[in-house]
Every structure is written in C-alpha cells, then in structure tokens.
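Student: Supplied in structure tokens, the structure appears directly below.
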Amino acid sequence: MRTRPLKVALLGCGVVGSEVARIMTTHADDLAARIGAPVELAGVAVRRPSKVREGIDPALITTDATALVKRGDIDVVVEVIGGIEPARTLITTAFEHGASVVSANKALLAQDGAALHAVAEANNKDLYYEAAVAGAIPLIRPLRESLAGDKVNRVLGIVNGTTNFILDKMDSTGAGYQEALDEATALGYAEADPTADVEGFDAAAKAAILAGIAFHTRVRLDDVYREGMTEVTAADFASAKNMGCTIKLLAICERAEDGQSVTARVHPAMIPLTHPLASVRGAYNAVFVESDASGQLMFYGPGAGGSPTASAVLGDLVAVCRNRLSGATGPGESAYAALTVSPMGDVVTRYHISLDVADKPGVLAQVATVFAEHGVSIDTVRQQGKDGEASLVVVTHRASDAALTGTVEALRKLDTVRGVASIMRVEGE
Ligand SMILES: NC(=O)c1ccc[n+]([C@@H]2O[C@H](COP(=O)([O-])OP(=O)(O)OC[C@H]3O[C@@H](n4cnc5c(N)ncnc54)[C@H](OP(=O)(O)O)[C@@H]3O)[C@@H](O)[C@H]2O)c1
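Residue numbers (this note's numbering): 73 to 501.
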C-alpha cells in the first residue's frame with residue numbers, strides 16, 4: 073500500500089459534509105485498505121469559521137474555498153456546499169488545478185452537468201455524484217455502469233422524501249395537505265421553506281440527471297415538465313382508494329415507443345396499490361428501472377439525511393481515489409444517443425378526471441362526446457348525485473397529454489360542467 077496519503081478538500085461541512093468528515097476519520101483504516109493509500113482531510117471550507125465542528129481539527133477550517141481548491145496538491149475535492157455559485161466556479165477551478173471532484177449537488181448538475189463534465193474531461197479528471205440523486209441509494213453507478221450494456225426504457229421513482237412523507241400521511245390518516253405539511257415540518261422532514269420539495273423542483277433536478285444517464289442524452293432541468301403536489305386533496309386520495317390506487321409524487325423518465333425520443337416529468341400520479349412504489353412509506357425513496365434485457369429493477373432506501381448521503385459520497389470518494397492511483401478516469405458524460413427530448417404534450421398515459429356537473433339527463437352523453445371528439449377513449453365513468461349537482465369521475469385509456477389538455481379545455485366550456493375538480497395521471501400499470 074502506498075504510504076503517501078491522497079489529499080481531500082471538503083467544501084462545506086453542514087448536514088452532509090460533517091458526516092463525510094466523521095466517516096473519513098472513523099473508517100480511515102478501512103478506506104485506506106480499500107483504496108490502496110490513506111486519505112487525508114487536507115482542508116475544510118465553510119462560511120462560519122467560528123462554529124464548533126466536532127471531530128474536525130480547527131486548523132483545517134478555512135473560509136477561503138478558492139485558495140483551498142487552488143492549492144495544487146489536492147487530489148479530490150468533495151463539494152457539499154450546494155446551490156449554483158460558488159459551487160460551480162469552485163468545481164471548475166478544482167479541475168483546472170489538478171483535482172477530481174465528488175459532488176452531491178443535484179441543482180448544479182441538473183443545470184450545468186454537461187459543462188462541468190466537459191471541464192473534467194478536458195483536464196482528464198473524474199466528476200462523480202452518486203449522492204445527488206436519492207441519497208444513499210446506489211442509482212447513478214448502476215445506470216452508468218451495471219446497465220451500460222442494456223437499454224433502459226423507463227425510470228420511474230419517488231426521489232423526494234419530504235413529499236413522500238406528506239402524501240403518505242395524507243393517505244394513511246386522511247389529513248389534508250397543510251396538516252400533513254405541518255407535521256412534516258415539526259418532525260424535521262420539511263424545511264421552513266418547503267417550495268423546492270413540494271413544488272417538485274428538487275425531484276425535477278433528479279429526473280434531469282437520471283434521464284440524461286439512462287438515455288445517453290443531454291437532459292436539462294428546463295426539459296423536465298414539473299407539477300408540484302400542493303393541490304392534492306383528501307378527496308383525491310378517496311378517489312384513488314376507490315380505484316385501488318394511492319397517490320405519489322413521481323419522477324418519470326421514458327423512452328417513446330418508437331425509441332427516437334424521450335420525456336422527463338415530475339407530477340403527482342395515482343399508482344395501483346399492487347405496484348411496488350405504492351408501498352414506499354414515510355420519507356423513503358425508491359426508483360423503478362425498466363430495461364430491455366434486465367426487466368424490472370427496484371432500488372430502495374433512505375433518500376436523504378447526513379449519514380445516508382455521506383455513504384454515497386464516500387463510495388464515490390473511494391472510486392475516484394482508486395482511479396487516481398491507477399492513473400485512470402471513470403466513465404464521464406455519455407450523451408452520444410442525443411435523442412430528442414419531447415414536450416409534455418407528447419407523453420402518453422391514463423388520466424383520472426373529476427368533474428362537478430349539473431345533475432340532469434344528457435350530461436353524461438355531452439361529456440362523453442367531448443372526450444370522443446378529442447380522441448380520448450373513456451375506460452370507466454362513475455357518477456354521484458348531490459342536491460341537483462353531481463360529480464363525475466372519468467378514467468381514460470391511454471391518450472396524449474395534448475389530447476387530454478384539449479379535452480379539459482372543451483369540458484370547461486360546457487354549461488353543464490360547473491368545474492374540473494381534479495386531473496390526475498394514472499401510472500405504473
Ligand atoms: N441534506 C441532505 O439530506 C442531502 C441529501 C442529498 C444531497 N444533498 C446535497 O448536499 C449538499 C449539501 O447539503 P447540506 O444539507 O449538507 O447543506 P448544509 O447543511 O446547508 O451545509 C452547507 C455547508 O456549506 C457551507 N457553505 C455555504 N456557503 C459556503 C461558501 N460560500 N463557501 C464555503 N462554504 C460554504 C456551509 O458553511 P457553514 O457550516 O459555516 O454554514 C455548510 O457547512 C447540497 O448540494 C444538497 O443538495 C443533501
């Protein structure tokens with residue numbers, strides 16, 4: 073074993089970074105044996121230098137992250153600051169000054185992954201980011217390496233623990249959205265400002281990363297259709313139960329049937345209780361991958377938290393250090409397929425539509441005609457009368473999102489349709 077240590081610069085020492093530092097210290101001997109050389113924490117960049125950080129030598133702490141990545145003797149930079157800047161500039165500078173990079177930064181990778189990969193490649197360095205998607209769950213490496221000989225057709229997953237916790241609460245207790253969110257906040261599952269989670273931004277960033285790797289195609293955050301889950305109601309859960317379904321916020325990356333294009337989207341959807349994703353409870357994450365040769369695979373586990381996320385960071389650190397010792401680099405960006413990323417209108421799925429209508433003869437026929445005129449075939453219809461008004465629940469066969477949007481616009485114009493109470497896609501069948 074080499075005795076000269078590999079030097080690691082840690083950028084950020086918060087929820088994830090403090091756990092990375094702890095595991096690097098407590099597992100130092102095992103890590104050295106697995107890598108073939110010791111790893112040494114050479115510096116820790118933070119914003120607040122006076123904060124007490126247990127187990128970290130105060131002499132390593134700096135607020136000058138730029139100087140740390142420019143030192144020239146750093147082998148691996150671990151970026152766990154988060155956000156776009158200064159993380160992007162620091163990572164770029166690290167590559168230019170001879171270091172490889174491990175990052176957990178989904179927002180940055182979804183936005184600028186291609187450019188960062190290009191800088192890594194130009195400098196013959198590694199860029200690894202297993203922790204950016206679904207915390208501890210191995211997903212990037214299985215897609216990039218284990219399935220590199222297969223053809224992935226679909227990635228369907230619960231990649232945000234906060235929203236899964238809220239939806240699971242609504243499902244199991246009948247609570248409304250706000251009540252479930254309040255509980256998630258009190259228990260520390262939701263941040264004070266939960267927008268990134270509940271509006272689907274976090275899941276959309278992960279969907280962009282997953283789709284890019286799965287389909288060997290550049291998929292940017294802007295390519296991902298996104299709908300949050302703040303409009304999901306207790307009534308939606310009651311409807312879902314009637315259909316033998318539950319509701320999950322899903323990230324769905326799909327190859328079109330002709331194989332020439334892909335789509336990536338995040339939205340709440342009904343899935344059958346028999347689907348493995350329906351049983352993912354609390355803040356857990358799970359991702360279902362469908363490939364030509366492998367068939368269906370499911371990856372499940374804790375999708376966030378300091379220690380689980382640090383596990384993924386450390387796995388990358390070991391891989392990058394091994395590459396460093398052998399003088400090689402691991403797989404970089406693979407975007408050779410360059411498939412078209414299609415808009416949401418091209419997505420084909422089933423829909424559950426709940427309408428408030430006048431309770432009088434002929435309404436059902438009128439509604440059915442609108443569906444037929446837009447080429448959306450109805451699977452089932454359920455009608456419930458209440459004081460001269462009625463609710464109509466229509467479940468469709470597979471249709472394009474564009475056709476469904478046209479149908480809903482036309483339905484809203486009917487005098488007998490008082491309102492469209494909810495539209496929910498039905499997935500996983
Ligand atoms: N938390 C999770 O469960 C989780 C899961 C998966 C991925 N991630 C990703 O991991 C990354 C880190 O998340 P986190 O939860 O650990 O964040 P965090 O607790 O807020 O920690 C951020 C760290 O970065 C430091 N920092 C902020 N701005 C800085 C700057 N300009 N220069 C140097 N240091 C700076 C902070 O310093 P101070 O300590 O002085 O404030 C803090 O140590 C993010 O990209 C996040 O998306 C997190």
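Note that the Cβ used here is the ideal one computed from N, Cα and C, for glycine as well.
Quick check: does the Cβ of V304 come within less than 7 Å of any heavy atom belonging to ligand 1?
Tutor: No.
Student: I'd like the span of the beta strand (DSSP E) that includes R470, first residue to last.
Tutor: Per DSSP, R470 belongs to no beta strand (DSSP E) and is neither H nor E.
Student: So if DSSP puts I319 in a beta bridge, which residue, or which two residues, is it bridged to?
Tutor: M342, per the DSSP bridge assignment.
Student: Could I get the ranges of all uninterrupted beta strand (DSSP E) runs contained in the region 93-181, with 3 residues as the minimum, in chain order?
Tutor: Runs found: 111-117, 148-151 and 172-175.
Student: Are there 16 or more other CB atoms within 10 angstroms of the CB of D265, so buried, or fewer, so exposed?
Tutor: Exposed, by the Cβ-count rule.
Student: CB of L321 to nearest heavy atom of ligand 1: below 7 Å?
Tutor: L321 Cβ: outside cutoff for every heavy atom of ligand 1.
Student: Taking buried to mean at least 16 other C-beta atoms within 10 Å of its own C-beta, is L345 buried or exposed?
Tutor: So L345 ends up on the exposed side.
Student: Comparing the CB of N395 with every heavy atom of ligand 1, is any distance shorter than 7 Å?
Tutor: Not under cutoff, so the answer is no.
Student: Distance check for A307 and A81, CA to CA, integer angstroms please.
Tutor: For A81 and A307, the distance between alpha carbons rounds to 51 Å.
Student: For L140 versus L113, is the C-beta distance shorter than 8 Å?
Tutor: Taking 8 Å as the Cβ cut-off, L140 and L113 do not qualify as a contacting pair.
Student: For Q455, which three-state DSSP category applies?
Tutor: Of the three classes helix, strand and coil, the one that applies to Q455 here is strand, per DSSP.
Student: Could you give the distance in angstroms between the alpha-carbon of K458 and the alpha-carbon of V467?
Tutor: If I take the Cα positions, the gap works out to 20 Å.
Student: Hey, out of Y201, V148, I212 and H446, whose CA is closest to R394's CA?
Tutor: Per the Cα distances, V148.
Student: Less than 8 Å between the CB atoms is what I'm expecting for E151 and S175, so what's the real figure, rounded?
Tutor: Between S175 and E151 the Cβ distance is about 4 Å, and since that is below 8 Å, they are a contact.
Student: Does the beta carbon of I209 sit closer than 8 Å to a beta carbon anywhere in chain C?
Tutor: Structure shown: chain C not included; a single protein chain is present.
Student: Since A358 and Y372 should fall inside the 8 Å C-beta cutoff, what is the C-beta to C-beta distance between them, to a whole number of angstroms?
Tutor: 4 Å between Cβ atoms; contact.
Student: K142 and A206: beta carbons closer than 8 Å?
Tutor: No.
Student: DSSP three-state label for R327, please.
Tutor: Strand at R327.
Student: May I ask you to report which of helix, strand or coil DSSP gives P403?
Tutor: Correct three-state label for P403: coil.
Student: Could you check the C-alpha separation between P158 and I450 for me, to the nearest Å?
Tutor: Each residue's Cα considered, the two are about 51 Å apart.
Student: Are the region 258-276 and the region 228-239 touching by the rule of at least three beta carbon pairs closer than 8 Å?
Tutor: Yes: the two stretches touch, three or more of their Cβ pairs being nearer than 8 Å.
Student: Going by C-alpha to C-alpha distance, which of V296, L321, L349 and A312 sits closest to V334?
Tutor: If we check each option's Cα against that of V334, V296 comes out closest.
Student: Short check: CB of K320 to CB of A341, under 8 Å?
Tutor: Yes, Cβ-Cβ distance for K320 and A341 is below 8 Å.
Student: Can you find the residues in the same chain that come closer than 6 Å, C-beta to C-beta, to I95, ignoring five residues on each side of it along the sequence?
Tutor: Contacts found: A382 and L386.
Student: Only counting runs of 4 or more residues, tell me where the alpha helix (DSSP H) segments fall wholly within the region 354-442, in order along the chain.
Tutor: Listed in chain order, they are 378-398.
Student: Which whole-angstrom value describes the C-beta separation of V224 and L211, a residue pair presumed to lie in contact below a C-beta threshold of 8 Å?
Tutor: That pair is no contact at about 12 Å.
Student: Quick one, which of R226, V304, E202 and I128 has its alpha-carbon nearest M370's?
Tutor: Ranking the options by Cα distance to M370, first place goes to R226.
Student: Would you tell me roughly how many angstroms separate the C-alpha atoms of E126 and T477, rounded to the nearest one?
Tutor: Distance between the alpha carbons of E126 and T477: 55 Å.
Student: Using alpha carbons as the reference points, say which of R119, T138, A166 and A262 lies closest to G377.
Tutor: Of the listed residues, the one whose Cα sits closest to G377 is A262.
Student: Compute the Euclidean distance between the alpha carbons of E255 and A182, then round it to the nearest angstrom.
Tutor: Distance between the alpha carbons of E255 and A182: 30 Å.
Student: Can we count G86 as close to ligand 1, meaning its CB is less than 7 Å from some heavy atom?
Tutor: Flag set: Cβ of G86 near ligand 1.
Student: Is it the case that the CB of N196 approaches a heavy atom of ligand 1 more closely than 7 Å?
Tutor: Checking every heavy atom of ligand 1 against the Cβ of N196, none is found closer than 7 Å.
Student: Just how far apart, CA to CA, sit E326 and A336?
Tutor: Cα to Cα, E326 sits roughly 7 Å from A336.
Student: Taking the alpha carbon of G354 as the reference point, which residue from V492, D473, T134 and T245 has its own alpha carbon closest?
Tutor: It is T245.
Student: Taking 7 Å as the cut-off, does the CB of R119 come closer than this to any heavy atom belonging to ligand 1?
Tutor: Checking the Cβ of R119 against ligand 1 gives yes.
Student: In chain order, which continuous runs of the beta strand (DSSP E) of length 3 or greater are located wholly inside the region 231-319?
Tutor: Segments of the beta strand (DSSP E) lying fully in the region 231-319: there are none.
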